[in-house]
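Engineer: Just so we're aligned, residue 3 is where the sequence shown starts under this note's numbering, counting upward by one.
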Amino acid sequence: MLTLFLQAAGGSSPMMLIMMGVMFVGFYFLMIRPQMRKQKQEKNFQENLKVGTRVVLTSGLHGRIAQVQ
């Protein structure tokens, strides 16, 4: 991969753009998309909370919803 990168830096501008594009797409699918999915799940969970629902906090505390505003 380093060899391809060095060859691209030698004057092949389209190859450099392709490599950057592939890196961006990989970054998107490995970092951004899973984070967006997790945020959507958390928002859905929070919207569906009702009084009396049992929950476990990220710190490990167990509790029951007493009031929803």
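By construction, the Cβ of each residue, glycine as well, lies at the ideal position given by its N, Cα and C atoms.
Given the structure is predicted, the values throughout are model-derived calculations rather than measurements.
1) Closest to T60 by CA distance: which of E44, R39 and I34 is it?
2) Check whether the Cβ atoms of G65 and V53 sit closer than 8 Å, and answer yes or no.
3) In terms of residues, what are the limits of the alpha helix (DSSP H) holding G28?
4) Checking the sheet assignment: what are the DSSP bridge partners for R66?
Structural biologist: On the basis of the data shown:
1) For the set E44, R39 and I34, the Cα lying nearest the Cα of T60 is the one of E44.
2) Cβ atoms of G65 and V53: not closer than 8 Å.
3) S15 to F29 is the extent of the alpha helix (DSSP H) around G28.
4) Answer by DSSP bridge pairing, in chain order: R56.
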